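Asker: Numbering that gives the first Met the number 0 numbers the first residue of the sequence shown as 0 and each following residue consecutively. Yeah, the Cβ is synthetic: ideal placement off N, Cα and C, and Gly gets one too. For clarity, every value in this text was computed on a predicted model and none was experimentally measured. Encoded as structure tokens, here's the structure I'll be asking about.
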Amino acid sequence: MAAHAQTQCPGYVETDAGSAFDIASMIRDAGSPQSALDKLRNAVAKVNAGGGCSIFRDRLACEETLTLANKAIVALQACASSRMPKGTTHG
């Protein structure tokens, strides 16, 4: 039960199509919700900087992946900001 008290982040997010993203594992690997958020934002930025999904053979799979990544970013933003100490600002 202590694991539930440590974080308010969801374990995963899912798209309407049924694709799932394991947020808990990403946080565990990155060390914190904020680090996971930074890594995910950087990955999405690289895809967008490289031409977006139009450069991929399977454009629909790419778009589904980006939709999922954006849902994960929203979830991570919420839980990372809720864990910030009082008086701390970010921007």
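(1) With three or more C-beta pairs closer than 8 Å as the rule, is the region 21-35 touching the region 52-68?
(2) Which of the three DSSP states, helix, strand or coil, is assigned to Ala74?
(3) With DSSP as the reference, label Asp57 as helix, strand or coil.
(4) Thinking C-beta only, is Ser18 closer than 8 Å to Leu67?
(5) For Lys70, does the count of other Cβ atoms within 10 angstroms reach 16, so buried, or fall short, so exposed?
Answerer: The structure says:
(1) Taking a cut-off of 8 Å on C-beta distances, the region 52-68 does not touch the region 21-35, as fewer than three cross pairs fall below it.
(2) The answer is helix: DSSP assigns Ala74 an H, G or I state.
(3) For Asp57, the three-state secondary structure derived from DSSP is coil.
(4) Less than 8 Å separates the beta-carbon of Leu67 from that of Ser18.
(5) By the neighbour-count rule (16 or more Cβ atoms within 10 Å), Lys70 is buried.
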